[in-house]
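This report refers to the structure that appears directly beneath it.
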Amino acid sequence: DGGITQSPKYLFRKEGQNVTLSCEQNLNHDAMYWYRQDPGQGLRLIYYSQIVNDFQKGDIAEGYSVSREKKESFPLTVTSAQKNPTAFYLCASSRRQGAGEKLFFGSGTQLSVL
Amino acid sequence: GQQLNQSPQSMFIQEGEDVSMNCTSSSIFNTWLWYKQEPGEGPVLLIALYKAGELTSNGRLTAQFGITRKDSFLNISASIPSDVGIYFCAANALNFGKGTSLLVTP
Numbered sequence: 012d013g014g015i016t017q018s019p020k021y022l023f024r025k026e027g028q029n030v031t032l033s034c035e036q037n038l039n040h041d042a043m044y045w046y047r048q049d050p051g052q053g054l055r056l057i058y059y060s061q062i063v064n065d066f067q068k069g070d071i072a073e074g075y076s077v078s079r080e081k082k083e084s085f086p087l088t089v090t091s092a093q094k095n096p097t098a099f100y101l102c103a104s105s106r107r108q109g110a111g112e113k114l115f116f117g118s119g120t121q122l123s124v125l
Numbered sequence: 002g003q004q005l006n007q008s009p010q011s012m013f014i015q016e017g018e019d020v021s022m023n024c025t026s027s028s029i030f031n032t033w034l035w036y037k038q039e040p041g042e043g044p045v046l047l048i049a050l051y052k053a054g055e056l057t058s059n060g061r062l063t064a065q066f067g068i069t070r071k072d073s074f075l076n077i078s079a080s081i082p083s084d085v086g087i088y089f090c091a092a093n094a095l096n097f098g099k100g101t102s103l104l105v106t107p
């Protein structure tokens with residue numbers, strides 16, 4: 012089955028620790044995205060990638076980093092510089108980045124700080 | 002990205018009632034998309050609109066692309082408990098509304 016997979020479902024971070032969230036898709040999509048969701052805040056774009064080896068900052072990129080070495084994979088690292096990392100993180104993909112492109116979402120990762 | 006203005010923020014209704022929510026923007030867009038998110042999951046696409054004035058249905062859901070291309074509406078008829086979730090409008094991957102949280106009581 013084609014789809015987009017996020018792991019782990021739940022993740023805990025200690026103070027000062029970097030953690031990496033995984034996102035894999037087998038839809039052959041060029042574009043991938045990371046969103047952060049806080050209660051009542053909707054979806055806020057962290058980073059997006061239109062093609063392999065290329066990515067752009069979204070609205071709230073500070074304290075996060077990404078890589079896009081393979082078309083299928085777009086991991087997100089939450090660094091120690093992100094002082095309020097507790098949130099629900101969603102990864103998505105689309106055929107390409109542009110108007111009208113339908114997004115396919117993963118089932119999310121809930122990150123909490125210990 | 003620009004946040005779209007979505008309202009109402011939340012709705013608490015009884016089963017069988019009809020629901021209406023809308024999304025507006027100060028900018029013109031050529032596409033409007035409506036997603037539903039159930040608790041603890043990622044959003045799923047419900048309806049996509051590509052033409053101003055377009056009215057599209059998906060079962061009990063009906064969405065319209067405003068003539069001005071600055072707004073869109075989503076209606077749910079005869080709501081049922083499984084309609085519970087957060088409904089998001091989006092113009093593209095970079096522009097999302099903050100969502101309408103829908104609760105339905107039996």
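Here the protein sequences line up with chains A and B, keeping their order.
When you line the first sequence up against our numbering, it's residues 12 to 125, in that order.
When you line the second sequence up against our numbering, it's residues 2 to 107, in that order.
Yeah, the Cβ is synthetic: ideal placement off N, Cα and C, and Gly gets one too.
The structure presented is a predicted model; accordingly, all values stated were derived computationally and were not measured.
Hey, out of the options, whose CA is closest to residue i's CA?
i        : options                            : result
B/Glu42  : A/Ser18, A/Ala42, A/Lys82          : A/Ser18
A/Glu126 : A/Asp65, A/Arg24, A/Asn95, A/Met43 : The question about residue 126 of chain A has no answer here: the residues shown for chain A are numbered 12 through 125.
B/Ile109 : A/Lys25, A/Val30, A/Gly53, A/Glu35 : Residue 109 of chain B is absent from the structure shown; chain B starts at 2 and stops at 107.
B/Tyr80  : B/Gln7, B/Phe13, B/Ser8, B/Pro40   : According to the sequence provided, residue 80 of chain B is Ser. The question's Tyr does not apply to it. Taking only the C-alpha atoms, the option nearest B/Ser80 is B/Phe13.
B/Thr53  : B/Gln15, B/Ile29, B/Asn96          : For clarity, residue 53 of chain B is Ala in the given sequence; the question names Thr instead. Among B/Gln15, B/Ile29, B/Asn96, the Cα nearest to that of B/Ala53 belongs to B/Ile29.
B/Trp33  : B/Ile68, B/Ser11, B/Asp84          : B/Ile68
B/Asn59  : B/Ser73, B/Ser78, B/Tyr51, B/Val85 : B/Ser78
B/Pro9   : B/Ala94, B/Phe89, B/Asn93          : B/Phe89
B/Gln15  : B/Asn96, B/Asp84, B/Trp35, B/Tyr51 : B/Asp84
B/Ala94  : B/Ser11, B/Trp35, B/Gln7           : B/Trp35
A/Gln36  : A/Leu22, A/Asp70, A/Arg79          : A/Arg79
A/Gln121 : B/Pro40, B/Asn31, B/Glu55          : B/Pro40
A/Gln75  : A/Lys20, A/Tyr21, A/Thr31, A/Phe23 : Residue identity differs from the one stated: residue 75 of chain A is Tyr in this sequence, not Gln. Nearest of A/Lys20, A/Tyr21, A/Thr31, A/Phe23 to A/Tyr75, Cα basis: A/Thr31.
A/Tyr21  : A/Glu112, A/Asp41, A/Tyr100        : A/Tyr100
B/Arg70  : B/Thr57, B/Asn31, B/Lys99          : B/Asn31
A/Ser33  : A/Val77, A/Lys113, A/Asp41         : A/Val77
A/Thr16  : A/Trp45, A/Val89, A/Lys68          : A/Trp45
I need the straight-line Cα distance from residue i to residue j, nearest angstrom please.
i        : j        : result
B/Thr63  : B/Pro82  : 18 angstroms
B/Gln38  : A/Gly27  : 32 angstroms
A/Arg47  : A/Cys102 : 9 angstroms
B/Ala91  : A/Val124 : 30 angstroms
A/Ser104 : A/Pro86  : 13 angstroms
B/Ile48  : A/Ile57  : 25 angstroms
B/Val45  : A/Ala72  : 24 angstroms
A/Pro50  : A/Thr97  : 11 angstroms
B/Asn76  : B/Ser27  : 22 angstroms
B/Asn96  : B/Gln4   : 6 angstroms
B/Glu18  : B/Leu50  : 24 angstroms
B/Phe74  : B/Gly98  : 12 angstroms
B/Thr57  : A/Lys25  : 47 angstroms
B/Gln65  : A/Lys113 : 17 angstroms
Flag residue i as yes if its beta-carbon sits less than 9 angstroms from any beta-carbon of chain A, otherwise no.
i       : result
B/Pro44 : yes
B/Gly54 : no
B/Ala94 : yes
B/Phe97 : yes
B/Phe89 : yes
B/Gln10 : yes
B/Ala79 : no
B/Gln4  : yes
B/Ala64 : no
Give a yes or no on whether the minimum CB-CB distance between residue i and chain B is below 9 angstroms.
i        : result
A/Glu112 : yes
A/Phe85  : no
A/Gln93  : no
A/Phe66  : no
A/Gln36  : no
What in chain B is Cβ-close to residue i, meaning under 7 angstroms?
i        : result
A/Ser118 : Glu42, Gly43
A/Leu32  : Under the 7 angstroms cutoff, chain B gives no residues; its nearest Cβ is about 13 angstroms from A/Leu32.
A/Leu101 : Gly43
What does residue i touch in chain A if you count any residue whose Cβ is under 7 angstroms from its own?
i        : result
B/Thr32  : Ala110, Gly111
B/Gly100 : Gly53
Name the chain B residues whose beta carbon is nearer than 8 angstroms to that of residue i?
i        : result
A/Gly14  : Within 8 angstroms Cβ-Cβ: nothing; A/Gly14 doesn't reach chain B, min ~10 angstroms.
A/Ser105 : Ala94
A/Tyr59  : Ala94, Leu95
What residues of chain B sit near residue i, judged by a beta carbon separation below 9 angstroms?
i       : result
A/Tyr75 : Per Cβ cutoff of 9 angstroms: no residues; A/Tyr75 is ~16 angstroms from chain B at best.
A/Tyr44 : Ala94, Leu95
Notebook entry, point to check: Does the stretch 111-120 of chain A touch the stretch 55-67 of chain A, meaning 3 or more C-beta pairs lie closer than 8 angstroms?
Noted result: The stretch 55-67 of chain A makes no contact with the stretch 111-120 of chain A; the number of CB pairs closer than 8 angstroms stays below 3.
Notebook entry, point to check: Three or more beta-carbon pairs under 8 angstroms between the stretch 83-93 of chain A and the stretch 107-114 of chain A, yes or no?
Noted result: no
Checklist line | Meets three-Cβ-pair contact criterion under 8 angstroms: the stretch 88-103 of chain B and the stretch 16-31 of chain B | finding: yes
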